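Enquirer:
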Amino acid sequence: MSVETREQSAAPKVGFVSLGCPKALVDSEQILTQLRAEGYGVSPSYEGADLVVVNTCGFIDSAVQESLDAIGEALAENGKVIVTGCLGAKGDVVQKTHPSVLAVTGPHAMQEVMSAVHRHLPRPHDPFADLVPPQGVKLTPRHYAYLKISEGCNHRCTFCIIPSMRGDLVSRDIGQVLREAENLVKAGVREILVISQDTSAYGVDVKYRTGFWNGRPVKTRMQDLAVALGEMGVWTRLHYVYPYPSVDAVIPLMAEGRILPYIDVPFQHASPRILKLMQRPASGERNLERIEAWRSACPELTIRSTFIAGFPGETEAEFNELLAFVEAAQVDRAGCFAYSPVQGAAANDLPDPLPQAEREARRAEFMKVQERVSKKRLARRVGKTVKVLIDTVNQDGAVGRSSADAPEIDGSVFIEWPERRADQAKLKVGEFVNVRVTGSDTHDLWGRLAAH
Ligand code: SF4
848 MSVETREQSA APKVGFVSLG CPKALVDSEQ ILTQLRAEGY GVSPSYEGAD
898 LVVVNTCGFI DSAVQESLDA IGEALAENGK VIVTGCLGAK GDVVQKTHPS
948 VLAVTGPHAM QEVMSAVHRH LPRPHDPFAD LVPPQGVKLT PRHYAYLKIS
998 EGCNHRCTFC IIPSMRGDLV SRDIGQVLRE AENLVKAGVR EILVISQDTS
1048 AYGVDVKYRT GFWNGRPVKT RMQDLAVALG EMGVWTRLHY VYPYPSVDAV
1098 IPLMAEGRIL PYIDVPFQHA SPRILKLMQR PASGERNLER IEAWRSACPE
1148 LTIRSTFIAG FPGETEAEFN ELLAFVEAAQ VDRAGCFAYS PVQGAAANDL
1198 PDPLPQAERE ARRAEFMKVQ ERVSKKRLAR RVGKTVKVLI DTVNQDGAVG
1248 RSSADAPEID GSVFIEWPER RADQAKLKVG EFVNVRVTGS DTHDLWGRLA
1298 AH
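Structure follows, in structure tokens:
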């Protein structure tokens, strides 16, 4: 199966019915763009869709009727329907006629539609091919945004086909990247997530060329980028950083609070032989020693990583080496994938592939060990006060994230609804609050607003 076919068949699909005027059409385009950017497929038929979005018109009676009929048809044919557009803003007309719709929003409500889609059809994640969204910047929702700094990759990891699809590393101009970040901050973004295929390689292709930002020279280099982003007064989180020696230079920026003390390093394995078979970047580095040095320079550091269990030829001893690494390195957050061959990847030709059941069993064992580590690491935060960025507010309180939690992939901080009215006003999406941690489990924390 080709990658496209694999992605298409695996991706959840959304059907779309677009009615109304050109403004409604633009809304539809924005929602469809965002759906595609997040990896959803778009289905041309009701039966091929996992849910259907109907963008309605409420201008004149015949348009209202046409919209209600379209919702009725989508419900009859598919059953899972989200309604957006002008009719949604007309009192409870939609809910009265069609009480089984999943959600209703007014026009120009891309964020609300996306939240409803996420609730009823979780967003897809493909660890090999979908690390980076296809557009430069993604706002999901308004208070955080991904900032893509480069495209492509100079490495040739044997399990990955990204370089053959997207080519070698091409770094974006640093001035342009920083201007984009500034605009995001002006638009209300409170957290910038730096992404690429290999963030630590930023600028290698242009020999760390000097660019300009606000009339000031800045080198096209991860460290310089992090310093500049750190001046913008919002959270900066680094993803897909490989453990090259140059990474050591950004750890002090984390210790000084200029960027978040969080590093997403996709180690993938710990056995030198497997890393060599994977042709991983920086596989010769002594990762355990490096992590110890990072932690002593920045004790608050959260380490997030991804791993592959059951790579072709992985012996029992090599798998145990991986488990021992996760314990020893105390990797705070980790995802683990059972090795799965991607068509066109060199690793498919390696000898001694493991049976699927064994790969899955190793993945499950890995997750048990990692969850133990995660639970222990989170328990250490009980009794402490952490800064939290609020993602959602509901009748029970609010859900946010601390420096240790990247959106979508890590845990959450659940904040109890405060009794005092003045404190309740602080619980707003996109606001920072201080939270006294009162409890923890394997992935999440619980707490109350801290007294100021
Ligand atoms: S570093 Fe390896 S896994 Fe990541 S994109 Fe490049 S080739 Fe693929």
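Residue numbers (the numbering used here): 848 to 1299.
We put the beta carbon where it would ideally sit given N, CA and C, even for glycine.
Note that the structure is predicted; figures quoted are calculated from it, not measured.
(1) Applying the 10 Å Cβ sphere with the 16-neighbour rule, what's the burial state of alanine 1211?
(2) Going by beta-carbon coordinates alone, are threonine 903 and glycine 862 separated by less than 7 Å?
(3) Just reading off the beta strand (DSSP E) that proline 1119 is part of, what are its end residues?
(4) Measure the alpha-carbon distance for alanine 1245 versus threonine 1239 and round it to whole angstroms.
(5) Tell me whether isoleucine 1256 is buried or exposed, calling it buried when 16 or more other Cβ atoms sit within 10 Å of its Cβ.
(6) With threonine 903 as the anchor, note down where its beta strand (DSSP E) starts and where it stops.
(7) Is cysteine 1145 near methionine 1079, with beta carbons less than 7 Å apart?
(8) Determine the DSSP secondary structure at aspartate 1111, reduced to helix, strand or coil.
(9) Express the C-alpha separation of glutamate 1038 and lysine 1231 in angstroms, rounding to a whole number.
(10) DSSP three-state label for alanine 1048, please.
(11) Is any heavy atom of the ligand SF4 found at a distance shorter than 6 Å from the C-beta of proline 1092?
(12) Can you name, in chain order, every residue of its own chain whose Cβ lies under 7 Å from the Cβ of glutamate 1205, other than the five neighbours on each side?
(13) By Cβ distance, which residues of its chain are closer than 8 Å to tyrosine 1055, with the 5 residues on each side in sequence left out?
(14) Can you grab the Cα-Cα spacing for the pair valine 930 / valine 964, in whole Å?
(15) Can you tell me whether valine 900 is buried or exposed? The criterion is at least 16 other CB atoms within 10 Å of its CB, across all chains shown.
(16) In this structure, what does DSSP give as the bridge partners for serine 865?
(17) Within its chain, find whatever has a CB closer than 8 Å to the CB of phenylalanine 1059; leave out the 5 residues flanking it on each side and keep chain order.
(18) Give a single yes or no on whether aspartate 1288 has its beta carbon closer than 6 Å to a heavy atom of the ligand SF4.
(19) Can you grab the Cα-Cα spacing for the pair aspartate 1045 / aspartate 897, in whole Å?
(20) In terms of residue numbering, what span does the alpha helix (DSSP H) encompassing glycine 1141 cover?
(21) Quickly, what does DSSP pair serine 890 with across the bridge? List them, please.
(22) With the ligand SF4 as the reference, list in chain order each residue whose Cβ lies under 6 Å from any of its heavy atoms.
(23) Taking the Cβ atom as the reference point for each residue, do leucine 788 and phenylalanine 1279 lie within a distance shorter than 7 Å?
(24) Do you know whose CA, among Thr1289, Trp1141 and Asp1243, lies nearest valine 1097's CA?
(25) Compare the Cα-Cα distances from arginine 970 to each of Val864, Tyr1091, Ile1262 and Pro859 and report the closest residue.
(26) Can isoleucine 878 and valine 960 be called in contact, C-beta distance under 7 Å?
(27) Answer yes or no: do valine 1284 and glycine 1294 have a C-beta to C-beta separation smaller than 7 Å?
(28) What does the alpha-carbon distance come out to for the pair arginine 1180 and methionine 957?
(29) Give the DSSP-derived three-state secondary structure of glycine 1160 in the structure shown.
(30) Could you give the residue range of the beta strand (DSSP E) that holds asparagine 1030?
(31) May I have a chain-ordered list of the beta strand (DSSP E) segments no shorter than 3 residues that lie completely inside the region 902-936?
(32) Quick one: what does DSSP say arginine 1224 is sitting in, helix, strand or coil?
(33) Check this for me: beta carbons of isoleucine 1138 and alanine 1176, under 7 Å apart or not?
(34) According to the Cβ coordinates, are isoleucine 1106 and alanine 1075 closer than 7 Å?
(35) Can you tell me whether serine 1011 is buried or exposed? The criterion is at least 16 other CB atoms within 10 Å of its CB, across all chains shown.
(36) Along the chain, where does the alpha helix (DSSP H) that runs through alanine 963 open and close?
Expert: To lay it out plainly:
(1) Looking at its Cβ environment, which holds fewer than 16 other Cβ atoms inside 10 Å, alanine 1211 is exposed.
(2) For threonine 903 and glycine 862, no; Cβs fall outside 7 Å.
(3) From DSSP, proline 1119 is part of no beta strand (DSSP E) but of the alpha helix (DSSP H) over 1119-1125.
(4) Distance between the alpha carbons of alanine 1245 and threonine 1239 is about 6 Å.
(5) Flag for isoleucine 1256 reads exposed.
(6) Segment 898-903, the beta strand (DSSP E) holding threonine 903.
(7) It is not a contact, given that the beta carbons lie outside the stated cut-off.
(8) The answer is strand: DSSP assigns aspartate 1111 an E or B state.
(9) Taking the straight line from one Cα to the other gives about 22 Å.
(10) Helix.
(11) Incorrect: proline 1092 has no Cβ contact closer than 6 Å to the ligand SF4.
(12) Counting only Cβ-Cβ distances below 7 Å, and skipping sequence neighbours, we find Gly1157.
(13) Listed in chain order, the non-local C-beta contacts of tyrosine 1055 below 8 Å within the same chain comprise Lys1066, Thr1067 and Arg1068, local neighbours out to five positions each way being set aside.
(14) Their backbone Cα atoms lie some 11 Å apart in a straight line.
(15) Per the 10 Å Cβ criterion, buried.
(16) Secondary-structure assignment with DSSP links serine 865 through a beta bridge to Asn902.
(17) The answer, listed in chain order, is Gly1022 and Val1065.
(18) For the ligand SF4, not one heavy atom lies less than 6 Å from the Cβ of aspartate 1288.
(19) Cα to Cα, the separation comes out at about 33 Å.
(20) A quick correction: the sequence has tryptophan, not glycine, at residue 1141. Where tryptophan 1141 is concerned, the enclosing alpha helix (DSSP H) stretches over 1134-1144.
(21) Answer by DSSP bridge pairing, in chain order: Gly862.
(22) This selection yields Cys1000, His1002, Arg1003, Cys1004, Cys1007, Ile1009, Pro1010, Gln1044, Asp1045 and Pro1128.
(23) This structure cannot settle anything about residue 788, because the visible part of the chain is limited to 848 through 1299.
(24) Checked all of Thr1289, Trp1141 and Asp1243; the closest Cα to valine 1097 is Trp1141.
(25) Measuring from the Cα of arginine 970, the nearest candidate turns out to be Pro859.
(26) With respect to the 7 Å criterion, isoleucine 878 and valine 960 are classified as neighbours on the basis of their beta carbons.
(27) With contacts defined by Cβ atoms closer than 7 Å, valine 1284 and glycine 1294 form a contacting pair.
(28) In a straight line, the C-alpha of arginine 1180 is about 30 Å away from that of methionine 957.
(29) Secondary structure of glycine 1160 (DSSP, three-state): coil.
(30) Careful: asparagine 1030 lies outside any beta strand (DSSP E), inside the alpha helix (DSSP H) at 1021-1033.
(31) If we require 3 residues or more, the beta strand (DSSP E) runs fully inside the region 902-936 come out as 928-932.
(32) If DSSP states are grouped into helix, strand and coil, arginine 1224 belongs with the helices.
(33) Yes. Within cutoff.
(34) Judged by beta-carbon spacing, alanine 1075 lies beyond the 7 Å limit of isoleucine 1106, meaning their Cβ atoms are not closer than that value.
(35) Burial call: exposed.
(36) In the DSSP annotation of this structure, the continuous segment of the alpha helix (DSSP H) that includes alanine 963 starts and ends at 957-967.
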